[in-house]
Amino acid sequence: MTSSATHDNNQHQHHHHHHHGAGADEEEQEALFNALTGSSDKGSRVTLMGLAANIALTAVKGIAGYLLASASLIADAGHSLSDLLGDLITLFAWNWSRKPADKDYPFGHGKFESVGSLIVAFFLISGGFGIGLHSYTLILPILSRQFPGLASHLPTFTSDHGHDHEVDIRASYFAFLSIIVKESLYRITYQVGKAEDSKVLIANALHHRSDAFSSFVALLAIIGSWYGLTILDPIGGFIVCSMILRSGLAIGKSSLEELLDKRTDKYLDRDVENILLSNLAKLEQEKFTVTVQDVKHLKIGPKALVFLHLGLTPPTKTSKSSDDAIPFSEWVVIQHMLSGLILKEIKNVKDVYIQFKTL
C-alpha cells in the first residue's frame, strides 16, 4: 500500500497572479525597466556599477590609446566594450531568475540564472582564446628569429600584431587604472554573488577579473615595448589565457550540469537527512515507525526543491487490521512538521515534497 502526499510551501505563503494579453506585455516592460534601473536590490546595483565602469573605461582607454599611439590600450578598450554585453546579460538573468513562479514557470524562473552564467562563461572562454591567439601571433616573430627551423613549421594567423610604435609610457597609467577598477569590481561583485548564492553574479565577477588580467597584459606590453622587452607581452598573455580559460570552463561546466539537473549540491541531501534523522524520534508513535528511504533535490537557480521518500513500518507484522490505519489528519501533521523543519533549517530550500510508503 502506498500513500503519497505533497507539501508545497508556497501554497500557504503567497499566491501569484499571471496576466495575459496587454497585462503580460506591461508586466514584461516593467521587468525590463526594473532590470535596467536596478530596482534597489544588491545584485542589480553591483551589476549596474560594473556596467557604468565598463562604459567609462572603454571611453578613457580608447581615447588615451589613440592619443598616446598605444595599440595595446586600444585593444584593451575593445575588450571593455565587449564586456558591456556580459553586464547586460547578467543584469537580465539576475532579474528574470528572481521573478515569482507563474503559470508558464510553475517552479519559478531560477534556471534563467544558469543560462545567464553559461553565456558569461562562453564570453570568458572566447576572451581567453582571443588573448592566447594574440600572444601566439606576437611570439611567432620572436621564435622565428631565435629558432628559424622551428618557426617555419608553426601555423601562422593573419594579424596586425598590435605592436606599439613609439609608445608613450603614460599609456601604462591607464592600464594600471583599469587593473585597480576591475579588480575592485571583481571583489565587490563576488561578495554579493556569494551572499546571494548567485551563479551568474559570480560568473560576472570572474569576468571582471579577466579584464583586470587583460589590462595587466596590456601593461606588460606597454612597459615591454618601452624597455625593448617585447617577450613580456606574449608570455604574460599565455599565463592570463590559461587562467581565464580555467575559470570559464569551470563556470560553463557547473552551469550546464545545473541545467541538465545533475546533483550539484552533494551536501544538501545529507543536511536534509540529518535534520530528518534528528527529528524522527519525535514522530515515534504506537502505530508506526518512520524511516528515511530516499532524499533527492532539484536545483532551480539558487533555490532547491526537495523530494522525500519516507517509509512507515507498523510495530507488529501479525495483524494489519483497520485499527492500524493512520488517520489523514496525522499525515498532514507529519508533513507540515517535517517540511517546516527543513525550510527553517536550510535557507536555500524553496519547497518540500513528501511521499510516504508503508513497508
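Take the sequence shown: its position 148, counting from 1, is numbered 148 in UniProt numbering, and each next residue is one higher.
We put the CB at the ideal spot given by N, CA and C, even for glycine.
Here GLY127 is not near ASP87, since their CB atoms are 7 Å or more apart.
With a 10 Å radius around the Cβ and a threshold of 16 neighbouring Cβ atoms, GLN335 comes out buried.
The residue among LEU245, TYR190, VAL217, LEU124 with its C-alpha nearest the C-alpha of HIS207 is LEU124. In this chain, THR47 is not harboured by any beta strand (DSSP E); it is covered by the alpha helix (DSSP H) spanning 42-67. By the neighbour-count criterion, in which a residue is buried when 16 or more other Cβ atoms sit within 10 angstroms of its Cβ, ILE244 is buried. Proximity to PHE129 across ALA171, GLY248, ALA71, SER339 peaks at GLY248, based on C-alpha coordinates.
If the five residues before and after SER152 are omitted, its C-beta is found closer than 8 Å to the C-beta atoms of SER144, all from its own chain and listed in chain order. Boundaries for PHE147: no alpha helix (DSSP H) harbours it, and the DSSP string shows neither H nor E there. ALA171 sits in a helix when the DSSP states are folded into three classes. In the structure shown, ILE354 falls within a strand segment according to DSSP collapsed to helix, strand and coil. For PHE307, the enclosing beta strand (DSSP E) begins and ends at 303-313.
GLU257 sits close to THR264, with the two beta carbons spaced by under 7 Å. Runs of the alpha helix (DSSP H) lying entirely within the segment 219-278 and spanning at least 4 residues, in chain order: 232-259. Within the model, the alpha-carbon separation for LYS111 versus ALA304 is close to 11 Å. Using a Cβ-Cβ distance cut-off of 8 Å, the segment 88-96 and the segment 228-242 are not in contact, since fewer than three pairs of beta carbons, one from each stretch, lie closer than that value. Assigned with DSSP and collapsed to three states, THR156 falls in coil, not helix or strand. DSSP places ASP76 inside the alpha helix (DSSP H), whose first and last residues are 71-97. When C-beta atoms of the segment 89-104 are compared with those of the segment 218-230, fewer than three pairs fall below 8 Å, so the two segments do not count as touching. The alpha-carbon of SER339 is positioned some 10 Å away from that of LYS350. Beta-carbon to beta-carbon, GLY301 and SER97 are separated by about 5 Å, close enough to satisfy the 8 Å threshold.
Measuring C-alpha to C-alpha distances from SER242 to each of SER135, LEU73, SER82 identifies SER135 as the nearest.
Here THR313 is exposed, its C-beta having fewer than 16 other C-beta atoms within 10 Å. By the Cβ neighbour-count rule, LYS299 is buried, with 16 or more other Cβ atoms within 10 Å of its own.
Contact fails between the segment 98-110 and the segment 69-79, because fewer than three Cβ pairs, one in each stretch, are under 8 Å apart.
With fewer than 16 neighbouring CB atoms inside 10 Å of its own CB, ARG246 falls in the exposed class. Note that the C-beta distance between ASN204 and VAL332 is not below 7 Å.
According to the DSSP assignment, ILE300 belongs to the beta strand (DSSP E) that extends over 289-300.
Beta-bridge pairing by DSSP links VAL349 to ALA304.
Rounded to the nearest angstrom, the gap between the Cα atoms of LEU341 and PRO327 is 22 Å. Within 10 angstroms of the beta-carbon of SER225 lie 16 or more other beta-carbons, which makes it buried.
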